[in-house]
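A.B. asks: Quick one: structure below, then a few questions.
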Amino acid sequence: MIDPERIIEEFCELVRVDSPSLRERAVVELLQEKLAELGIDSEIDDAAVALDGEVGNLIARVPGTVDGPTVLVNAHVDTVEPGCGICPVVEGTVIRSEGETILGADDKSGVTIILGLLRHLQEEKLPHPPLEIVFTVAEEIGLCGAKQLDYGRLDAEMGFVLDGGRTMGTITHAAPSSYRMAWQVHGVAAHAGVCPERGVNSIQAAAEAIAQIPLGRLDEETTANIGIIRGGEATNIVPALTVVEGETRSHDESKLEQQRRTMVAAFREAAARHDAELSEEIELTYRRFEIDMHEPVMQYAWRAAERLGFEPTAERGGGGSDANIFNANGIPSLIIATGPAEVHTLQEWVDAERMAESIAWLTEILGMIAQDASTQTA
Ligand SMILES: [Zn+2]
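Take 1091 as the starting number for the sequence shown in this note's numbering and just add one per residue.
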């Protein structure tokens, strides 16, 4: 059976290896060794070149016990800051950090689950379709590793992203589109006491723009935020440069476009009013997806959860993940719960029992896919 002790041991081993985004070489090499111990060959793609990182994505192909649709199983290996020198503390089956760093269960819980899954399938000789195991790099800084994957070389017809929350049975089947936006408002510097009329105050122009923009939760599926503002040098200088950065997300493309236009127009108009120059950088960071209840990937996740007595729940996520990129590249992919709570904080924790359940859930999903494939060919 699935042994929580082994999960705890492997999880702690993984989080002790530092892997901030773009510095994932050590953990990827460790994973290559672990796959090799299971007799699984793996290769590293050349994402590192484009990303200027240490190492690319790690890809392994596991032949199926039956012919059937190839299934992508993914977790990302990078973690957010402060995430170096993580010292896991184990109490029973609960693991947390000692409090100075995050724990890194986002997404080392997913990585641990995939290793546990592969071991479990092998040891128990369980049926499964062909698998494409993809460990991505640089997820936390904009899904960068997943964006660099060569999708022409993947056969997967559906995917499971092990990067979910705490409650088993929760399936994230939708995520929003998102724009990242940055503006530089260029005013004119002048002495604030001697000749302010010669200056153009970039902070004032930026402030007027921001005041015009609806922010926060705009409706049940749309959000917007201004997250960074930097400007000015001294109280006696009319500030020449103000930099503002923000974002907007929506599950609805037309609402997203509407909010993007509102934000862009607010800055253009305020800059024009003040005779300030404006440069803007607007980037679609990822595109939305929504997987229908009737899609096979959803059916398998749902029914497998039911069989194990987890309460299946379909949730719309508020953030982007590698699943956005897989879906955009034609692999219908869901995010599956892996157990962690309070991720991206120093209080992050995970229960190994949940990780064991997540392994069981995936095992059940793969077994059902294999079963359907063999009845179809029989
Ligand atoms: Zn994550």
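The beta carbon of each residue, even a glycine, is placed where N, CA and C say it ideally should be. All of these numbers come straight from a predicted model, not from anything done at the bench.
Within 10 Å of its beta-carbon, does C1234 have 16 or more other beta-carbons around it, so buried, or fewer, so exposed?
C.D. replies: Label assigned to C1234: buried.
A.B. asks: Could you tell me the boundaries of the beta strand (DSSP E) in which Q1348 lies?
C.D. replies: Note, Q1348: premise wrong, no beta strand (DSSP E); alpha helix (DSSP H) at 1343 to 1364.
A.B. asks: Answer with buried or exposed for Y1376, where buried requires no fewer than 16 other C-beta atoms within 10 angstroms of its C-beta.
C.D. replies: Per the 10 Å Cβ criterion, buried.
A.B. asks: Report the three-state DSSP secondary structure of P1178 (helix, strand or coil).
C.D. replies: Residue state, collapsed to three classes: strand.
A.B. asks: Find the nearest neighbour of D1365 within the set R1288, T1403, E1337, T1325, judged by alpha-carbon distance.
C.D. replies: The option with the nearest alpha carbon to D1365 is R1288.
A.B. asks: Just the Cα atoms here: how many angstroms apart are L1305 and A1314?
C.D. replies: The straight-line gap from Cα to Cα measures roughly 5 Å.
A.B. asks: Measuring straight from C-alpha to C-alpha, what distance separates D1342 and T1312?
C.D. replies: Their backbone Cα atoms lie some 8 Å apart in a straight line.
A.B. asks: Could you check what DSSP says for Q1274 in three-state terms: helix, strand or coil?
C.D. replies: The answer is strand: DSSP assigns Q1274 an E or B state.
A.B. asks: Pairing CB atoms from the region 1421 to 1432 with CB atoms from the region 1251 to 1269, are three or more of them under 8 Å?
C.D. replies: At 8 Å Cβ cutoff, the stretches touch.
A.B. asks: Which two residues bound the contiguous alpha helix (DSSP H) that contains T1375?
C.D. replies: From DSSP, T1375 is part of no alpha helix (DSSP H) but of the beta strand (DSSP E) over 1367 to 1376.
A.B. asks: Can the beta-carbon of I1415 be found less than 8 Å from the beta-carbon of K1237?
C.D. replies: Yes, the Cβ-Cβ distance between I1415 and K1237 is below 8 Å.
A.B. asks: Cβ of E1229 versus every heavy atom of ligand 1: is any distance shorter than 7 Å?
C.D. replies: Yes, ligand 1 has a heavy atom inside 7 Å of this Cβ.
A.B. asks: Do A1140 and N1147 have their CB atoms nearer than 8 Å?
C.D. replies: Cβ distance not < 8 Å, so A1140 and N1147 don't count as in contact.
A.B. asks: Give me the DSSP bridge partner(s) of E1310.
C.D. replies: Beta-bridge pairing links E1310 to no other residue.
A.B. asks: Do I1303 and M1353 have their beta-carbon atoms positioned less than 8 Å apart in this structure?
C.D. replies: Closer than 8 Å, so yes.
A.B. asks: Shortest alpha-carbon distance to E1371 belongs to which of P1286, V1275, I1459?
C.D. replies: Here the closest residue by C-alpha is V1275.
A.B. asks: What span of residues does the beta strand (DSSP E) with N1164 cover, start to end?
C.D. replies: First-last of the beta strand (DSSP E) with N1164: 1161 to 1166.
A.B. asks: For a minimum of 4 consecutive residues, which ranges assigned as the alpha helix (DSSP H) are wholly contained in the region 1235 to 1302?
C.D. replies: Whole alpha helix (DSSP H) segments, 4+ residues: 1292 to 1301.
A.B. asks: Nearest by alpha-carbon distance to E1438: which of D1168, G1154, G1194, G1175 is it?
C.D. replies: When only C-alpha atoms are compared, the closest one is G1194.
A.B. asks: Identify the continuous alpha helix (DSSP H) that holds F1400 and give its terminal residues.
C.D. replies: First-last for F1400: undefined, no H or E at that position.
A.B. asks: Decide if V1105 is buried, meaning its Cβ has at least 16 other Cβ atoms within 10 Å, or exposed.
C.D. replies: It is buried - the Cβ of V1105 has at least 16 other Cβ atoms within 10 Å.
A.B. asks: Let's see if you can read the secondary structure: which residues bound the beta strand (DSSP E) around T1191?
C.D. replies: Run containing T1191: none; DSSP gives neither H nor E here.
A.B. asks: Looking at S1199 and ligand 3, is the gap between the Cβ and the nearest heavy atom below 7 Å?
C.D. replies: Ligand 3 is absent from the structure shown, which contains only ligand 1.
A.B. asks: Please classify M1258: is it buried, with 16 or more other beta-carbons within 10 angstroms of its beta-carbon, or exposed?
C.D. replies: By the neighbour-count rule (16 or more Cβ atoms within 10 Å), M1258 is buried.
A.B. asks: G1399: which of W1451, A1324, T1202, I1149 sits nearest, CA to CA?
C.D. replies: Considering only alpha carbons, the answer is W1451.
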